[in-house]
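Residues in the sequence shown are numbered from 249 upward in steps of one, following the working numbering.
Built from N, CA and C at the ideal position, the CB exists for glycine as well.
Just so it is clear, the structure is predicted and the values come from calculations on it, not from any experiment.
Below is one structure, written out as structure tokens; comments come after it.
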Amino acid sequence: MADRLRVGVAGLGTVGAAVARLLHRQADALTARTRRNIVITAVSARDAAKERDVDLSQADFFADPVELAASPSIDLFVELIGGAEGPARKSVETALAHGKSVVTANKALLAAHGLRLAALAEEKHVALAFEASVAGGIPIVKTLREGLAGNSIERVYGILNGTCNYILSRMELEQLSFAQCLAEAQRLGYAEADPSFDIGGFDTAHKLSILTSLAFGTKIDASAVDVEGIEGVTLADIEAAEELGFRIKLLGVAQRTADGVEQRVHPTMVRKTTAIAQVMGVVNAVTIDADAVHELTLVGPGAGGDATASAVVADIADIAKGVRSAPFGVATNALVELRRTPMRRHEGGYYIRLSVPDVPGAFARIATRMAERSISLESIMQRGGLRGAGRTRTDPVGVILITHATSEHLVREALDAIYADGVIAEKAQVIRIERE
Ligand SMILES: NC(=O)c1ccc[n+]([C@@H]2O[C@H](COP(=O)([O-])OP(=O)(O)OC[C@H]3O[C@@H](n4cnc5c(N)ncnc54)[C@H](OP(=O)(O)O)[C@@H]3O)[C@@H](O)[C@H]2O)c1
249 MADRLRVGVA GLGTVGAAVA RLLHRQADAL TARTRRNIVI TAVSARDAAK
299 ERDVDLSQAD FFADPVELAA SPSIDLFVEL IGGAEGPARK SVETALAHGK
349 SVVTANKALL AAHGLRLAAL AEEKHVALAF EASVAGGIPI VKTLREGLAG
399 NSIERVYGIL NGTCNYILSR MELEQLSFAQ CLAEAQRLGY AEADPSFDIG
449 GFDTAHKLSI LTSLAFGTKI DASAVDVEGI EGVTLADIEA AEELGFRIKL
499 LGVAQRTADG VEQRVHPTMV RKTTAIAQVM GVVNAVTIDA DAVHELTLVG
549 PGAGGDATAS AVVADIADIA KGVRSAPFGV ATNALVELRR TPMRRHEGGY
599 YIRLSVPDVP GAFARIATRM AERSISLESI MQRGGLRGAG RTRTDPVGVI
649 LITHATSEHL VREALDAIYA DGVIAEKAQV IRIERE
């Protein structure tokens with residue numbers, strides 16, 4: 249008879265209930281793989297009476313997850329409540345303080361308190377596992393921490409928010425506006441009633457900060473992520489990208505630079521030929537550039553009960569086997585302070601869409617302002633410039649510039665000079681191009 253591992257699950261929503269179902273469905277296989285009998289012996293949720301589509305009648309119900317976390321009746325605490333503070337934080341701290349290993353899917357908690365929680369886990373010689381916190385069912389945490397232990401990582405980037413990728417994919421495939429696609433995502437349950445956390449890029453930033461720490465051995469620092477959302481992406485940009493051989497994705501990018509680490513989240517032009525550009529809909533993907541493996545891309549479901557439960561159960565199985573890795577790959581006291589490379593030092597190509605009045609000299613002025621800063625142009629495209637059909641001579645035309653690699657501060661300086669010249673009708677649209 250295999251040893252029992254008594255699991256307490258706090259939170260029985262989308263993920264929690266799916267974890268309970270998966271543990272039940274895979275009970276025999278998990279026992280064979282771990283030589284333990286993994287049993288949910290206690291649970292916590294707000295509503296004890298709610299139907300969860302899983303039989304938990306053998307588990308004790310705790311109204312207070314913190315009390316569950318401290319209970320001697322469990323060996324392992326699984327936190328699936330969510331939120332950086334409140335009962336999630338308090339119960340995880342309590343479980344660790346009581347010498348219990350913790351599994352969580354909570355990126356907000358880790359982004360805010362991951363370092364302190366990891367130190368507490370280490371002090372108590374227990375595990376803190378969070379595979380499900382980034383990219384749902386994709387085993388990216390384990391890949392970075394164990395699978396690529398022999399590599400030096402240069403860059404890790406990915407599509408970490410399915411809602412944003414769904415919206416951008418729909419805009420491209422159906423030629424719909426951002427607002428139409430957001431409404432559709434909400435109708436289908438892919439986007440929250442208040443979608444600002446997703447579309448503003450903040451959810452991606454939380455996940456990215458976890459990946460950065462794992463990839464570069466730095467202390468997690470979500471406040472050092474430069475964040476831009478997808479609200480400003482227009483159909484004109486999506487169409488221009490298509491013509492130029494790009495796709496627009498909301499990427500989270502962590503990149504080693506000469507003087508630190510760049511962490512950024514923004515709409516990004518990616519070449520249509522790259523692996524990441526093929527990822528459409530609610531799917532997630534992460535690409536890693538590393539010295540030995542070169543390039544590796546993992547693609548899969550980034551959310552949803554079953555996919556996320558897959559990652560949670562993998563962590564539970566590791567703990568059942570007695571595997572205890574340092575949460576961020578190295579001991580917490582060996583994690584180094586993250587030296588932030590500011591966005592203005594970012595180097596790369598740029599897509600710049602300008603609305604230029606069709607008057608003599610306007611374009612020459614723009615070209616001069618770019619040349620003054622040694623910004624060289626790879627291509628120039630004019631949109632909607634044909635006269636006739638009611639256009640007057642001075643109506644603005646769309647001009648799209650694709651630059652060769654340059655730096656962010658030079659682009660910003662050139663645009664400021666162009667604004668000051670008064671030769672463009674509205675603020676420029678700037679989208680960074682990610683190198684392959
Ligand atoms: N959903 C996904 O696809 C996904 C993917 C990756 C990671 N995650 C992460 O997984 C975690 C859970 O997400 P979810 O989508 O499963 O959330 P959810 O469906 O809203 O479920 C939250 C659960 O927590 C319970 N809860 C809330 N406050 C509580 C309290 N004070 N005491 C006890 N229980 C409480 C709720 O109880 P009641 O049911 O009784 O209301 C509910 O069962 C979050 O950290 C989320 O970021 C989710």
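Comparing alpha-carbon positions, the option among L436, M629, T522, V531 lying closest to V382 turns out to be V531. In this structure, DSSP gives N581 a helical state, which the three-state scheme calls helix.
Taking 8 Å as the cut-off, one finds at least one heavy atom of ligand 1 near enough to the beta carbon of G553. The secondary-structure analysis by DSSP pairs A258 across a beta bridge with S292, E327. When D485, V509, G437 are compared, the shortest CA-CA separation from T466 is found for V509.
Below 8 Å, too few C-beta pairs join the stretch 525 to 539 and the stretch 347 to 365 to call them touching: fewer than three. In the DSSP assignment, T505 falls within the unbroken beta strand (DSSP E) covering 494 to 505.
The three-state reading of DSSP puts E379 in helix, counting H, G and I together.
With respect to Y405, E682 sits close: the two C-beta atoms are nearer than 9 Å. Distance from the C-beta of I614 to the nearest heavy atom of ligand 1 is not below 8 Å. Annotation: Q630 to L421 spans about 23 Å, alpha carbon to alpha carbon. The way I'd put it, the stretch 459 to 476 does touch the stretch 577 to 596; three or more beta-carbon pairs between them come closer than 8 Å. Just measuring C-alpha positions, the residue of V584, S319, G384, G553 sitting nearest L344 is S319. Taking C-beta separations shorter than 6 Å and ignoring five residues to either side along the sequence, Q306 has no partners in its chain. For R284, DSSP records a beta bridge to D251. In this structure, A258 has its CB closer than 8 Å to one or more heavy atoms of ligand 1. The C-beta of I564 has 16 or more other C-beta atoms within 10 Å across all chains shown, which makes the residue buried. For F445, the CB contacts under 7 Å within the same chain, skipping 5 residues up- and downstream, are D451 in chain order.
Beta-bridge analysis with DSSP links Q423 to no other residue. About 14 Å separates the beta carbon of N354 from that of A369, a gap too long to meet the 8 Å contact definition. Of the heavy atoms belonging to ligand 1, at least one sits nearer than 8 Å to the Cβ of R294.
Around the beta-carbon of S417, 16 or more other beta-carbon atoms lie within 10 Å, marking it buried. Between ligand 1 and V263, a heavy atom-to-CB distance of less than 8 Å is present. Linking L278 to R284 through their CA atoms gives a straight-line distance of about 8 Å.
Following the DSSP letters along the chain, one finds V513 inside the beta strand (DSSP E) bounded by residues 508 to 519.
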